[in-house]
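Going by the numbering used here, the residue at position 61 of the sequence shown is 126; the numbering climbs one at a time, nothing skipped.
All C-beta atoms in this analysis are idealised placements derived from N, C-alpha and C, irrespective of residue type, glycine included.
Working notes, beginning with the structure itself.
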Amino acid sequence: MSAVGSCYHVGNVSMTFIEAKRYCREHGSNLIHIDSAQENNYLKNYALRHTYEMLWIGLTDLMAESHYMWIDDNTEAQFTDWAQGQPNGGYEDCILLYNKDSYRWHDYPCEGRWYPVCETIPSHVALVG
Ligand SMILES: [Ca+2]
Ligand SMILES: [Ca+2]
66 MSAVGSCYHV
76 GNVSMTFIEA
86 KRYCREHGSN
96 LIHIDSAQEN
106 NYLKNYALRH
116 TYEMLWIGLT
126 DLMAESHYMW
136 IDDNTEAQFT
146 DWAQGQPNGG
156 YEDCILLYNK
166 DSYRWHDYPC
176 EGRWYPVCET
186 IPSHVALVG
């Protein structure tokens, strides 16, 4: 799938957040950085169509409690789509799209095993040949 200039890839194996981060790196990408409502809606619609369970995105407050940072560029999230009552913090440091909340965002324990959404930004890809 592709939108707003990026290409996306959803892993078909469930894994922890750290494994998901590594999985995307191995595929020349990063866990998705959701910049806008447009990109968020695109992913939510995709998840609905494919009836995914929960999907890891590249957002976490592992580095600084209550500061939600995108792992691709270490910037704090501007656009967010938290579900009601989220984030509720504690040891829930990794963010996912929560299927039972119409894929709005929840913080969740990083050891949960869910599916990674990887994003490749074409301008960051070195063209060969
Ligand atoms: Ca993006
Ligand atoms: Ca939570």
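{"Query": "How would you label His171, buried or exposed, when you count the other beta carbons within 10 angstroms and need 16 or more for buried?", "Result": "buried"}
{"Query": "Would you kindly work out how many angstroms separate the C-alpha atoms of Pro174 and Thr116, rounded to a whole number?", "Result": "22 Å"}
{"Query": "Tell me the rounded alpha-carbon separation between Cys159 and Trp147.", "Result": "13 Å"}
{"Query": "Who are the near neighbours of Ser79 in its chain, counting only those whose CB is closer than 7 Å to its CB and skipping five residues on each side?", "Result": "Arg178, Trp179, Tyr180"}
{"Query": "Between the C-alpha atoms of Asn139 and Leu124, what's the straight-line distance to the nearest angstrom?", "Result": "9 Å"}
{"Query": "Which one of Asp126, Ala142, Leu113 has the shortest CA to CA distance from Tyr163?", "Result": "Leu113"}
{"Query": "Answer with buried or exposed for Phe82, where buried requires no fewer than 16 other C-beta atoms within 10 angstroms of its C-beta.", "Result": "buried"}
{"Query": "Please report how far the alpha carbon of Thr149 lies from the alpha carbon of Leu161, in whole angstroms.", "Result": "Note that residue 149 is Gln in the sequence shown here, rather than Thr. Roughly 14 Å separates the two Cα atoms."}
{"Query": "Out of curiosity, what's the CA-to-CA distance linking Gly154 and Tyr133?", "Result": "11 Å"}
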